[in-house]
Amino acid sequence: MSMNNPIPQSQKGEYNNLLVLAISSCICVAFLAARLLLSGTIGMAFMVWNLFLAWVPWIISWIMTRDNSPKWLFWGLMSLWILFLPNAPYMITDLFHLLWRKGMPMWVDLCLIFSFAWTGMLLGFDSLRMVQRRLKPMLPKWLDVLFAPFLLFLVAYGVYLGRYLRFNSWDIATHPLLLAKKVISPIFYPFVHSAAIGFTLMFGALLTLTYFSFMNMDVRRA
Numbered sequence: 001m002s003m004n005n006p007i008p009q010s011q012k013g014e015y016n017n018l019l020v021l022a023i024s025s026c027i028c029v030a031f032l033a034a035r036l037l038l039s040g041t042i043g044m045a046f047m048v049w050n051l052f053l054a055w056v057p058w059i060i061s062w063i064m065t066r067d068n069s070p071k072w073l074f075w076g077l078m079s080l081w082i083l084f085l086p087n088a089p090y091m092i093t094d095l096f097h098l099l100w101r102k103g104m105p106m107w108v109d110l111c112l113i114f115s116f117a118w119t120g121m122l123l124g125f126d127s128l129r130m131v132q133r134r135l136k137p138m139l140p141k142w143l144d145v146l147f148a149p150f151l152l153f154l155v156a157y158g159v160y161l162g163r164y165l166r167f168n169s170w171d172i173a174t175h176p177l178l179l180a181k182k183v184i185s186p187i188f189y190p191f192v193h194s195a196a197i198g199f200t201l202m203f204g205a206l207l208t209l210t211y212f213s214f215m216n217m218d219v220r221r222a
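If you want it as structure tokens, here you go:
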């Protein structure tokens, strides 16, 4: 690109974000490789798959927010994006795997799991930021304000379905009736599903807090 056609500032920001996410992902994989060498086992290798799934909504959001994407593609990808978005913050719950293991210092697993969880959270938040920016001109102001919190609580419920009921994003195609039954059951039987409601409310509040902190912090003010 010539000097007469500089890269727009917003596009530079996108490239910078991508670079940060790529470096963070490489560090995760490096930590995992170090653990594999230390332990001589493939324990925690499943986190690479979780990281890949966390990248899926980011890639979808990047495609759907290109200015030249047709409306039918945008709304089709929007549905797919919502289905896969819980895979990004889902990685926070991988902290459940932090246990004392013989011959493996706990701080190794702490750094490993937290690096994956942090990267997954960044992927999810940056993905949501891109979509929210694209939707902003299409939505009334009140709906634009409520969009992110509503979606994050929906994502929190998706994380619950994945972590505790072991559903995957693609189960909407492979097991649609079973998934629908499990999704709506807490609405009709809230006292029976108090754990699901409690997890969704608390985890959704955590995601909302961290997302708006992520969006409003500006290191240039320091």
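Anchor point for the sequence shown: position 130 equals 130 in our numbering, and the numbering is continuous, going up by one each time.
Think of the CB as a built atom: it goes at the ideal place given N, C-alpha and C, for glycine as much as any other residue.
Inter-residue spacing [alpha-carbon to alpha-carbon] between residue i and residue j
| i | j | result |
| --- | --- | --- |
| MET217 | LEU73 | 32 Å |
| LEU37 | GLY103 | 12 Å |
| TYR90 | GLY162 | 8 Å |
| PHE153 | PHE203 | 8 Å |
| THR174 | ASN168 | 10 Å |
| LEU83 | ARG35 | 32 Å |
Terminal residues of the alpha helix (DSSP H) in which residue i lies
| i | result |
| --- | --- |
| ALA173 | 171-174 |
| ARG133 | 106-135 |
| PRO149 | 141-163 |
| ILE63 | 46-64 |
| PHE74 | 71-84 |
Which listed residue (the options) has its alpha carbon closest to that of residue i
| i | options | result |
| --- | --- | --- |
| ALA196 | ILE113, PRO57, LYS182 and LEU122 | LYS182 |
| PRO186 | PHE199, HIS175 and PRO140 | PHE199 |
| VAL48 | ASN17, ALA117 and LEU85 | ALA117 |
| PHE96 | SER194, TYR164 and PRO149 | TYR164 |
Neighbourhood of residue i by C-beta distance below 6 Å, restricted to the same chain and skipping five residues each side
| i | result |
| --- | --- |
| THR65 | MET130 and ARG134 |
| GLY120 | ALA54, ALA88 and MET91 |
Own chain residues within Cβ distance below 7 Å of residue i, not counting five before or after
| i | result |
| --- | --- |
| CYS111 | PHE31 |
| LEU122 | LEU21 and SER24 |
| VAL108 | ARG35 and LEU38 |
Cβ of residue i within 7 Å of any chain D Cβ
| i | result |
| --- | --- |
| VAL183 | The structure shown contains no chain D; it holds only a single protein chain. |
Residues of its chain near residue i, where Cβ-Cβ distance is below 8 Å and the 5 sequence neighbours each way are ignored
| i | result |
| --- | --- |
| VAL219 | Confidence at VAL219 is low in this model, with a pLDDT of 47, below 50, so the placement of that residue is unreliable and no value is reported for it. |
Sheet register partners of residue i (DSSP bridge)
| i | result |
| --- | --- |
| ARG101 | MET104 |
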